[in-house]
Amino acid sequence: MKKDRRGFLKLAGCAAAAGIGSSTAFHSLLRGEAKAAGLQRAGKDKEKADTRLGMAIDVNKFLENRGLAERCIRICHDIHNVPDFGNPKDEIKWLWNDKFENVFVKDTHYRQSERLLGMPVLTLCNHCDNPPCVRACPTKATFKKIDGVVGMDYHRCIGCRFCMAACPYGARSFNYRDPRGKDRNGRTFIRELNQEYPARTMGVVEKCNFCTERLAVGQLPACVEEARPYEAMFFGNLNDPNSEISRVLRDKFTILRRPSLGTYPSVFYII
Ligand code: SF4
Ligand code: SF4
């Protein structure tokens, strides 16, 4: 199907006719596709790109260094013009803390260690190797790049939010309001506009971009740069056995978010 606005309307019509308007039905449809694509992955590995960028987050290091997570979040949101609308209903988030039991739903059980329950875990887009959000987008506004980063073209986004329904990690946010606006007290939603990075408009979906603009000039993602001195975050090429992140993944016990979905997240957690 041609993935333009007309194609989107057709897709939306078909979805309604097929009764997949509810997010649960839509989700399971996409989950099925994700599993099917995952099964084909072994064959595709032969032709995979040289680079697949990934991240490792050491949850304990964030516990030991109080305030570090908040600093990472602040830096990320500041440089990317992420608005603060001042209420949880409209919240836009690229990087955020959530409770262990919410982040690792399937790894939590009724006799869970008290240390883990309620423990804050830094969360972001997983830049999945098999991303259901990309398949769900009718306009190709979201796409996977050759280095594995799942990007967004804000100009192509028509605000249908199919990608949000498809993402099993809640990693995408929708601008119900104009990020460049002000509240009734005259406070701007963007704390201080960074002229080097585009601000979004109302009706557009956004998420973490793995700091593509920094990678392009040889820098680490901003959150990793902040956390690296504490050995709390690592970043690099998962396909290079000699990269730092590959060494970390070989040495440490790591878990992924909802691996059974076949999305192949690129963000690993050292627990
Ligand atoms: S975490 Fe969600 S938004 Fe990010 S690539 Fe995976 S499915 Fe897409
Ligand atoms: S990689 Fe960049 S965009 Fe993503 S959470 Fe970290 S600082 Fe934010």
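Position one of the sequence shown corresponds to residue 9 (the numbering used here), numbered consecutively onward.
For each residue, glycine too, the CB sits at the ideal point set by N, CA and C.
Computed from a predicted model, the values in this text were never measured in an experiment.
Quick check: what's the CA-CA separation for Asp155 versus Asp191? The residue labelled residue 155 in the question sits at position 147 within the sequence shown. The residue labelled residue 191 in the question sits at position 183 within the sequence shown. Our two residues, Asp155 and Asp191, have alpha carbons roughly 39 Å apart in a direct line.
Return the CA-CA distance between Trp104 and Arg199, expressed in angstroms with no decimal places. Numbered from 1 along the sequence shown, position 96 holds the residue referred to as residue 104. Numbered from 1 along the sequence shown, position 191 holds the residue referred to as residue 199. Between Trp104 and Arg199, the C-alpha separation is close to 17 Å.
Just the C-alpha distance for His88 and Arg123, rounded to the nearest angstrom, thanks. Here residue 88 is taken as the residue at index 80 of the sequence shown, counted from 1. Here residue 123 is taken as the residue at index 115 of the sequence shown, counted from 1. Straight-line Cα distance between these residues: approximately 33 Å.
Exposed or buried, Gly244, counting other C-beta atoms within 10 Å across all chains shown (16 or more means buried)? Translated into positions along the sequence shown, residue 244 becomes position 236. Classified as buried, Gly244 has 16 or more neighbouring CB atoms from the shown chains inside 10 Å of its CB.
Are the segment 246 to 258 and the segment 76 to 88 touching by the rule of at least three beta carbon pairs closer than 8 Å? no
Test item: CB-CB of Leu132 and Ala173 under 8 Å: By 1-based counting over the sequence shown, the position of residue 132 is 124. By 1-based counting over the sequence shown, the position of residue 173 is 165. Contact flag unset, no.
Exposed unless 16 or more other CB atoms sit within 10 angstroms - verdict on Met210: What you label residue 210 is simply residue 202 of the sequence shown in a count that begins at 1. Exposed.
First through last residue of the alpha helix (DSSP H) which encompasses Phe276: Here residue 276 corresponds to residue number 268 of the sequence shown, with the count starting at 1. Unbroken run through Phe276 is the beta strand (DSSP E), Val275 to Ile278; no alpha helix (DSSP H).
Between which two residues does the beta strand (DSSP E) containing Phe243 stretch? Along the sequence shown, one-based indexing puts residue 243 at 235. From DSSP, the beta strand (DSSP E) with Phe243 extends over Met241 to Asn245.
Spatial neighbours of Ser274 within its chain, please: CB distance less than 8 Å, with the 5 preceding and 5 following residues excluded, ordered by chain position. In the sequence shown, residue 274 corresponds to position 266, counting from 1. Same-chain partners within the cutoff: Arg60, Leu61, Gly62, Met63, Asn134, His135, Cys136, Asp137, Gly156 and Leu246.
Nearest to Arg185 by alpha carbon, out of Ile100, Thr147, Phe151 and Ile279? Within the sequence shown, numbered from 1, the residue matching residue 185 stands at position 177. Minimum Cα distance to Arg185 is reached at Ile100.
How many angstroms separate the CA atom of Ala57 from the CA atom of Glu221? Here residue 57 refers to the residue found at position 49 when the sequence shown is read from its first residue. Here residue 221 refers to the residue found at position 213 when the sequence shown is read from its first residue. One C-alpha to the other measures close to 20 Å.
May I ask which residues mark the beginning and end of the alpha helix (DSSP H) holding Pro140? As a working mapping, residue 140 is identified with position 132 in the sequence shown. Run containing Pro140: Pro140 to Ala144, per the alpha helix (DSSP H) assignment.
Hey, out of Asp115, Pro187 and Lys260, whose CA is closest to Ser268's CA? For the purposes of this step, residue 268 is identified with residue 260 of the sequence shown, where counting begins at 1. From the listed residues Asp115, Pro187 and Lys260, the smallest Cα separation to Ser268 is found for Asp115.
Close beta carbons around Tyr162, own chain, < 8 Å, minus the five adjacent residues each side: Taking the sequence shown and counting its residues from 1, one reaches residue 162 at position 154. Excluding residues within five positions, the ones whose Cβ falls inside 8 Å are Ala149, Pro206, Arg208, Thr209, Val212 and Glu214.
Give me the Cα-Cα distance between His35 and Arg143, rounded to the nearest whole angstrom. Within the sequence shown, the letter at position 27 stands for residue 35. Within the sequence shown, the letter at position 135 stands for residue 143. Unreliable placement is indicated for His35, whose pLDDT of 42 sits below 50; no coordinate value is reported for it.
Pick out the complete alpha helix (DSSP H) segments inside the segment 141 to 209, 4 residues or longer, and give them in chain order. 170 to 174
DSSP on Glu122, reduced to helix/strand/coil? Indexing the sequence shown from 1 puts residue 122 at position 114. Note: Glu122 maps to coil in three-state DSSP.
With distances taken Cα to Cα, identify the nearest neighbour of Asn110 among Phe276, Arg265 and Thr271. Against the sequence shown, residue 110 aligns to sequence position 102. Among Phe276, Arg265 and Thr271, the Cα nearest to that of Asn110 is on Arg265.
Buried or exposed, going by whether 16 or more other CB atoms sit within 10 Å of the CB of Ala44? For the purposes of this step, residue 44 is taken as the residue at position 36 of the sequence shown. Low local confidence applies: a pLDDT of 37 at Ala44 is under 50, so the model's placement there is unreliable, and no value is given.
Considering only heavy atoms of ligand 2 and the C-beta of each residue, which residues fall inside 5 Å, strictly closer? Cys84, Trp102, Leu103, Leu132, Cys216, Phe218, Cys219, Pro229, Ala230 and Cys231
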